[in-house]
Amino acid sequence: MMKYPDSSAPGSRPRLLLTALAALGLLALVACGPLGLESGSVDAAPPDAASATDTESPVAAVIDDQPITLEEVQEHMKDQFIEEFQRQPEDRQYELMENAVRDLVRRRVIDAEARKRGITREELFEEITSKVPEPTLEDVTEWYSQNKQRLRGAALEDVADQIKNYLLNERRGQALKDFLDPKLEATSWKMVLSPPRKELEATRLVRGPADAPVTLMIFSDYQCPYCIRAEPVLAEVLARYPDDVRLVQRHFPLDSLHPFARPAAEAAMCAEEQGRFWDFHDAIFARKGRLDKDTFDEIARKLGLDMEAFGSCVEERRYKEFVEADSIAGQKAGVTGTPAFFVNGIALKGARNADELSRIIDSELARIGTGKNAK
2 MMKYPDSSAP GSRPRLLLTA LAALGLLALV ACGPLGLESG SVDAAPPDAA SATDTESPVA
62 AVIDDQPITL EEVQEHMKDQ FIEEFQRQPE DRQYELMENA VRDLVRRRVI DAEARKRGIT
122 REELFEEITS KVPEPTLEDV TEWYSQNKQR LRGAALEDVA DQIKNYLLNE RRGQALKDFL
182 DPKLEATSWK MVLSPPRKEL EATRLVRGPA DAPVTLMIFS DYQCPYCIRA EPVLAEVLAR
242 YPDDVRLVQR HFPLDSLHPF ARPAAEAAMC AEEQGRFWDF HDAIFARKGR LDKDTFDEIA
302 RKLGLDMEAF GSCVEERRYK EFVEADSIAG QKAGVTGTPA FFVNGIALKG ARNADELSRI
362 IDSELARIGT GKNAK
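Read the sequence shown against this note's numbering and you will find it ends at 376, with the numbers running on by one and no gaps.
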């Protein structure tokens, strides 16, 4: 059984301080089911690093050898949805706190650049964004046409000014991002707080070396479009870390959305009886969600399975409890939609690209002090 450190244990990040922090805002990540880390470079640190300081307030991050304290993070977030933050699960609180830390890092980089130029932060903002062109009527009309349904039938003339302001702010935000990204890349900083971890069991559905230092677990649904898109991402991650990562597959069918996801999971387990789980798994995802009652027999025949044994297994729903146990384990770990990833127990909800997963994997390898360079 694979277990991870208890985030409430002595020396772990100060949980009580978390409840005093407020949310920056709720991020929406693409996923099947209800929605929910911003990409960026975070270096993990040992769980007790947050308390390894002589300052009165624990350290949340370090930038150019200067600490960002939890007190500063709290101050930065104090006016923003504190009650909403307190209602969030522990892993979501950490995501929101990490976003606040990143915001503070960006602010320090901006302030340093402003001082270098001998101007104020506001003057630097103006310098960066003043050259951004205002949206034209054509831009506004195009956006309106693409988002009509979201506007619930509002007439263009009634929302044109709001759309124009939205597009202008979006362009200004992109200009700031383009200005900041290379400076952030050149800045030395790391996250000191340790993220919460879930205790999860590795089932027998594993790709990669059994003794890999990093376990990447996914809860997925065979008809979820975001899970389908996640498959090549997982393949890329395994190719990058052939010795350091093992993939554990868990089932999380969303019955109300995808009627054939649970039957597909049970059929895949029947194929596992004949040593062909991953072949069956890949073949189902290759159908891109287009599943029906005949799909599983078709795949089984193409794989050359013993059809009598396979059919009997599917008919009696031999793996009903196995699939349900996965689903319950996911719910207990806070999974509400798919795909849901866990890297050594660290929750990452919603669709992720290979670079985002690699960032967390690299942090784990650095924390553990092992691993080879990714390919």
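Where is the CB? At the ideal position from N, CA and C, for every residue including glycine.
Here the structure is a predicted model, which is why all the values come from computation and not from measurement.
Where do the N-terminal and C-terminal ends of the alpha helix (DSSP H) with A61 fall, by residue?
Here residue 61 corresponds to residue number 60 of the sequence shown, with the count starting at 1. Looking at the DSSP string, A61 is not in any alpha helix (DSSP H); the run it does join, the beta strand (DSSP E), is 60 to 64.
With DSSP collapsed to three states, give me the class of S131.
What you label residue 131 is simply residue 130 of the sequence shown in a count that begins at 1. Three-state DSSP puts S131 in coil, outside helix and strand.
Alpha carbon to alpha carbon, what distance is there between D112 and A161?
The count along the sequence shown starts at 1 and reaches residue 161 at position 160. The count along the sequence shown starts at 1 and reaches residue 112 at position 111. C-alpha separation (whole angstroms): 35 Å.
If you follow the alpha helix (DSSP H) that A176 is part of, which residue opens it and which one closes it?
Position 175 of the sequence shown holds residue 176. Start and end: 157 to 186.
Below 7 Å between beta carbons: does that hold for I362 and V215?
The sequence position of residue 362 within the sequence shown is 361, counting from 1. The sequence position of residue 215 within the sequence shown is 214, counting from 1. Yes, the Cβ-Cβ distance between I362 and V215 is below 7 Å.
Go ahead and pull the three-state DSSP assignment for S195.
Taking the sequence shown and counting its residues from 1, one reaches residue 195 at position 194. Coil at S195, not helix or strand.
Could you give the distance in angstroms between the alpha-carbon of G338 and the alpha-carbon of D327?
As a position in the sequence shown, residue 338 is number 337, starting the count at 1. As a position in the sequence shown, residue 327 is number 326, starting the count at 1. In a straight line, the C-alpha of G338 is about 13 Å away from that of D327.
Would you please state the rounded distance, in angstroms, between the beta carbons of E72 and S58? I believe it to be under 8 Å.
In the sequence shown, the residue the question calls residue 72 occupies position 71. In the sequence shown, the residue the question calls residue 58 occupies position 57. At roughly 4 Å, the Cβ-Cβ gap stays under 8 Å, so E72 and S58 are in contact.
Cβ pair count under 8 Å reaching 3, the stretch 211 to 227 against the stretch 339 to 348:
yes
Is the beta carbon of V110 sitting closer than 7 Å to the one on K184?
Here residue 110 refers to the residue found at position 109 of the sequence shown. Here residue 184 refers to the residue found at position 183 of the sequence shown. A contact, by the Cβ cut-off of 7 Å.
Taking the C-alpha atoms as reference points, what is the distance between A348 and K165?
The residue given as residue 348 occupies position 347 in the sequence shown. The residue given as residue 165 occupies position 164 in the sequence shown. Each residue's Cα considered, the two are about 37 Å apart.
Is L292 closer than 7 Å to A265 when the C-beta atoms are compared?
As a working mapping, residue 265 is identified with position 264 in the sequence shown. As a working mapping, residue 292 is identified with position 291 in the sequence shown. Yes, they are a contact pair.
Whole angstroms is fine: what's the gap from L177's alpha carbon to G290's?
By one-based count along the sequence shown, residue 177 stands at place 176. By one-based count along the sequence shown, residue 290 stands at place 289. Cα to Cα, L177 sits roughly 39 Å from G290.
E91: which of P196, A236, L138 sits nearest, CA to CA?
On the sequence shown, residue 91 is found 90 positions in, with the first residue counted as 1. Nearest option by C-alpha distance: P196.
Along the chain, which unbroken stretches of the beta strand (DSSP E) at least 3 residues long are found entirely within the stretch 241 to 310?
246 to 252
What is the rounded straight-line gap between the Cα of S257 and the Cα of R318?
In the sequence shown, counting from the first residue as 1, residue 257 sits at position 256. In the sequence shown, counting from the first residue as 1, residue 318 sits at position 317. Approximately 19 Å, taken between the alpha carbons.
For N148 and L105, the rounded distance between their alpha carbons:
The residue given as residue 105 occupies position 104 in the sequence shown. The residue given as residue 148 occupies position 147 in the sequence shown. Taking the straight line from one Cα to the other gives about 33 Å.
Starting from I120, trace the alpha helix (DSSP H) in both directions and tell me its first and last residue.
Here the question's residue 120 lines up with position 119 in the sequence shown. Unbroken run through I120: none, as it is neither H nor E.
For the alpha helix (DSSP H) that contains L138, what are its first and last residues?
Along the sequence shown, read from residue 1 onward, the residue named residue 138 stands at position 137. Unbroken alpha helix (DSSP H) run through L138: 138 to 147.
Tell me which residue opens and which closes the alpha helix (DSSP H) that V324 is part of.
In the sequence shown, counting from the first residue as 1, residue 324 sits at position 323. Here the alpha helix (DSSP H) through V324 covers 321 to 333.
Do R172 and V133 count as a contact pair if the criterion is CB distance below 7 Å?
Sequence index remark: in the sequence shown, residue 133 carries index 132 (1-based). Sequence index remark: in the sequence shown, residue 172 carries index 171 (1-based). Yes; because the gap between Cβ atoms is below 7 Å, this pair is in contact.
L194 versus A61, Q163, I369, residue with shortest Cα-Cα distance
Here residue 194 refers to the residue found at position 193 when the sequence shown is read from its first residue. Among A61, Q163, I369, the Cα nearest to that of L194 is on A61.
So who's on the other strand from L349, going by DSSP bridges?
Here residue 349 is taken as the residue at index 348 of the sequence shown, counted from 1. Paired residues: F342.
Going straight from the alpha carbon of I120 to that of I129, what length do you get?
For the purposes of this step, residue 120 is taken as residue 119 along the sequence shown, with counting starting at 1. For the purposes of this step, residue 129 is taken as residue 128 along the sequence shown, with counting starting at 1. So the alpha carbons of these two residues sit roughly 13 Å apart.
Same chain, Cβ closer than 7 Å to E114, five either side skipped, listed in chain order
As a first step, residue 114 is located in the sequence shown; it is residue number 113 there, counting from the start. The answer, listed in chain order, is L125, K184.
Since S221 is in the beta strand (DSSP E), which residue starts that stretch and which ends it?
Taking the first residue of the sequence shown as position 1, residue 221 is located at position 220. Per DSSP, S221 belongs to the beta strand (DSSP E) from 215 to 221.
So, for Q157: in the same chain, excluding its five sequence neighbours on each side, which residues have a beta-carbon less than 6 Å away from its beta-carbon?
Here residue 157 is taken as the residue at index 156 of the sequence shown, counted from 1. Strictly speaking, residue 157 in this sequence is Leu, with Gln absent from that position. Counting only Cβ-Cβ distances below 6 Å, and skipping sequence neighbours, we find Y145.
Can you tell me the Cβ-Cβ gap for G346 and K117, rounded? I've got them flagged as a contact below 8 Å.
As a working mapping, residue 346 is identified with position 345 in the sequence shown. As a working mapping, residue 117 is identified with position 116 in the sequence shown. About 42 Å; that fails the 8 Å criterion.
Locate the beta strand (DSSP E) running through T337, then write down its first and last residues.
Residue 337 sits at position 336 when you count from the first residue of the sequence shown. Premise fails: T337 is in no beta strand (DSSP E) and is neither H nor E.
Put R109 into one of helix, strand or coil per three-state DSSP.
Here residue 109 is taken as the residue at index 108 of the sequence shown, counted from 1. Helix, per DSSP.
Per the DSSP calculation, T70 is bridged to which residue(s)?
Your numbering for residue 70 matches position 69 in the sequence shown. In DSSP, T70 forms a bridge with V60.
Check for me: the alpha helix (DSSP H) holding D212 runs from which residue to which?
For this step, residue 212 is matched to residue 211 along the sequence shown. Segment: none, D212 is in no alpha helix (DSSP H) and carries neither H nor E.
Buried or exposed for S364, please, with buried defined as at least 16 other CB atoms from any protein chain shown within 10 angstroms of its CB.
Locating residue 364 in the sequence shown gives position 363, counting from the first residue. Classification of S364: buried, given that the 10 Å Cβ count is 16 or more.
Use the C-beta contact count for L306: other C-beta atoms within 10 angstroms, 16 or more gives buried, fewer gives exposed.
In the sequence shown, residue 306 corresponds to position 305, counting from 1. Looking at its Cβ environment, which holds 16 or more other Cβ atoms inside 10 Å, L306 is buried.
Measure the C-alpha to C-alpha separation of E99 and D66 and round it to an integer number of angstroms.
Start at 1 with the first residue of the sequence shown, and residue 99 comes out as number 98. Start at 1 with the first residue of the sequence shown, and residue 66 comes out as number 65. Answer to the nearest angstrom: the Cα atoms are 18 Å apart.
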